Amino acid sequence: MTQDEAVAAEAGKRPEDESGSGVVTAFGRQLKLLRIRAGLERPEFGKRVGYAGQSVASFEQGRRIPPPTFIDQADEVLDAGGVLKALKEEVARAQYPAFFRDAARLEAKAAAICVYGLYAVPGLLQTAAYARAGFQQERPLLDDEVIEQGVSARLARQEIYDRRPAPLLSFIVDEAVLRRPIGGRPVLYDQLEQVQRIGRKRNVEVQVMPLDREDHAALGGPFTLIDTAQGQRIAYAEVQGDSRLYTGQTTVRELEARYGIIRSQALTPRETSEFIEKLLGET
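Counting from 0, one number per residue, gives the positions in the sequence shown under numbering that gives the first Met the number 0.
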């Protein structure tokens, strides 16, 4: 571990997040300059945009990542002429760990997504409590503020369900994932209910890979297939905070084949719904 990595770990932050924090810091400085130019104190400005003065201070100091709605409101209240709005996309990307930012950008605009979850419920299906429990268990320990930013970012990804035209989403989740009580039994119960709720959407299919299957074509780990609006298919794989996007046809086709096979090996969406109802009764 380098000295920089050690300092970042001790502070409860990921060292690879520094480039993202730079964008947030720059936004905060710009926001403060525009607020001062407008002659507004933090409490007064906060009232106009619907945020407490303490929240405004956190945004200005780069300690919190401002949501898109705040940026839009701040730009109008401060008569910034689009200066703050121009940074909105970069600020939004900064809320994700560096290793996931490119994947998050592709995911947000995808025409279709196929996700295989082996270790935890996929982020697009997670409740806030489940996501928070996962971040709390990371080592080295993360600061509370970093955890809350992570939870907000994960939930922000779920805006994909409100997109029109709606993307096609397929999830295959290992049974062990749905039995693992991350955060405790009440958290797991709510998480199972959320999987059921999202799985009922017309553009979403959720399937469970049962533990008793003798055949399993994807024991190599979780992965995601992303179809862009331009017709390109990209694969994404992540393990232990290290990730990679694959665009080469050979690797993408191999993962496509694996997904197709486990899709046929898993329970159907209807069988999955019945299976989760059974789990809810046991939890």
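By construction, the Cβ of each residue, glycine as well, lies at the ideal position given by its N, Cα and C atoms. Since this is a predicted model, take the numbers as computed values, not measurements.
Give the DSSP-derived three-state secondary structure of residue i in the structure shown.
{"i": "ASP3", "result": "With a pLDDT of 34 at ASP3, under the threshold of 50, the modelled position of this residue cannot be trusted; read the value that follows with caution. Helix, per DSSP."}
{"i": "VAL203", "result": "strand"}
{"i": "THR227", "result": "coil"}
{"i": "ALA265", "result": "coil"}
{"i": "ARG243", "result": "strand"}
{"i": "ILE171", "result": "strand"}
{"i": "SER18", "result": "In this prediction, SER18 has a pLDDT of 44, which is less than 50 and means its spatial position is unreliable; nothing more can be read from the coordinates."}
{"i": "ASP211", "result": "coil"}
{"i": "ALA103", "result": "helix"}
{"i": "ALA10", "result": "In this prediction, ALA10 scores a pLDDT of 32, lower than 50, which makes its location untrustworthy; no coordinate-derived value is stated."}
{"i": "GLU88", "result": "helix"}
{"i": "VAL251", "result": "helix"}
{"i": "VAL55", "result": "helix"}
Take residue i as the anchor and find which of the options has the nearest alpha-carbon.
{"i": "GLU106", "options": "GLY219, ALA37, GLY122, VAL251", "result": "GLY122"}
{"i": "PRO209", "options": "TYR235, ARG178, SER57", "result": "ARG178"}
{"i": "ILE64", "options": "LYS87, LYS46, VAL48, GLY80", "result": "LYS87"}
{"i": "ARG100", "options": "GLY259, LYS277, ARG243, GLU213", "result": "ARG243"}
{"i": "VAL205", "options": "ARG252, GLN195, LEU39, GLN53", "result": "GLN195"}
{"i": "GLY219", "options": "VAL238, LEU191, GLU213, ASP226", "result": "VAL238"}
{"i": "GLN157", "options": "ALA37, LEU83, ALA93, VAL203", "result": "VAL203"}
{"i": "THR282", "options": "VAL48, ARG184, ALA56, ARG163", "result": "ARG184"}
{"i": "ALA228", "options": "GLN136, PRO164, ASP78, PHE44", "result": "PRO164"}
{"i": "ARG62", "options": "GLN136, VAL23, ARG47, THR249", "result": "VAL23"}
{"i": "GLY222", "options": "THR250, ALA79, GLN135", "result": "Reading off the sequence, residue 222 comes out as Phe, not Gly. Of the candidates THR250, ALA79, GLN135, the one whose C-alpha sits nearest the C-alpha of PHE222 is THR250."}
{"i": "LYS200", "options": "GLY49, SER272, ALA91", "result": "SER272"}
{"i": "ALA79", "options": "PHE44, GLU144, ALA37", "result": "ALA37"}
{"i": "GLN60", "options": "ALA25, ARG269, GLN193", "result": "ALA25"}
{"i": "GLN193", "options": "ILE261, LEU141, ASP241, THR126", "result": "THR126"}
{"i": "ASP211", "options": "GLU174, ASP226, ARG232", "result": "GLU174"}
{"i": "GLN248", "options": "ARG232, ALA56, GLY240", "result": "ARG232"}
{"i": "GLN264", "options": "ASP226, ARG252, GLU213", "result": "GLU213"}
{"i": "ASP241", "options": "ASP189, ALA102, LYS46, GLU255", "result": "ALA102"}
{"i": "GLY27", "options": "LYS84, ARG47, LYS46", "result": "LYS84"}
{"i": "ARG252", "options": "TYR188, ASP226, GLU270, SER57", "result": "ASP226"}
{"i": "GLY133", "options": "ARG162, VAL176, ILE159", "result": "VAL176"}
{"i": "ILE159", "options": "ARG104, SER57, ASP142", "result": "ARG104"}
{"i": "VAL207", "options": "ARG269, LEU254, ARG162, ASP161", "result": "ARG269"}
{"i": "LYS277", "options": "LEU254, TYR188, GLU255, ALA256", "result": "TYR188"}
{"i": "SER57", "options": "GLY21, GLU144, ARG47, LEU140", "result": "GLU144"}
To the nearest whole angstrom, what separates the beta carbons of residue i and residue j, a pair I think is in contact under 8 Å?
{"i": "ALA234", "j": "LEU224", "result": "6 Å"}
{"i": "PRO66", "j": "GLY52", "result": "PRO66 to GLY52, Cβ: 17 Å. No contact."}
{"i": "VAL120", "j": "VAL172", "result": "7 Å"}
{"i": "VAL82", "j": "GLN29", "result": "7 Å"}
{"i": "LEU279", "j": "LEU191", "result": "5 Å"}
{"i": "LEU117", "j": "ILE197", "result": "Contact flag wrong, Cβ pair sits at about 19 Å."}
{"i": "TYR245", "j": "TYR115", "result": "At roughly 14 Å, the Cβ-Cβ gap does not stay under 8 Å, so TYR245 and TYR115 are not in contact."}
{"i": "GLY182", "j": "TYR129", "result": "6 Å"}
{"i": "HIS215", "j": "ILE275", "result": "Rounded, the Cβ-Cβ distance is 20 Å, inconsistent with contact."}
{"i": "ILE70", "j": "VAL90", "result": "7 Å"}
{"i": "GLN135", "j": "ILE146", "result": "6 Å"}
Return the bridge partner residues of residue i from the DSSP annotation.
{"i": "PHE222", "result": "TYR115, ALA236"}
{"i": "LEU278", "result": "Its beta-bridge partners do not exist; DSSP assigns none."}
**Asked** Within the chosen definition, does the stretch 158-174 reach the stretch 108-115 through at least 3 CB pairs nearer than 8 Å?
**Response** Contact annotation: the stretch 158-174 touches the stretch 108-115, with at least three C-beta pairs closer than 8 Å.
**Request:** Count the CB pairs spanning the stretch 73-85 and the stretch 28-45 that are closer than 8 Å, and state whether there are at least three.
**Result:** The count of Cβ pairs closer than 8 Å, one atom from the stretch 73-85 and one from the stretch 28-45, reaches three, so the stretches are in contact.
**Request:** Check whether the stretch 88-95 touches the stretch 149-164, counting contact only when three or more Cβ pairs, one atom from each stretch, lie closer than 8 Å.
**Result:** Taking a cut-off of 8 Å for Cβ pairs, the stretch 88-95 and the stretch 149-164 touch, as three or more such pairs fall below it.
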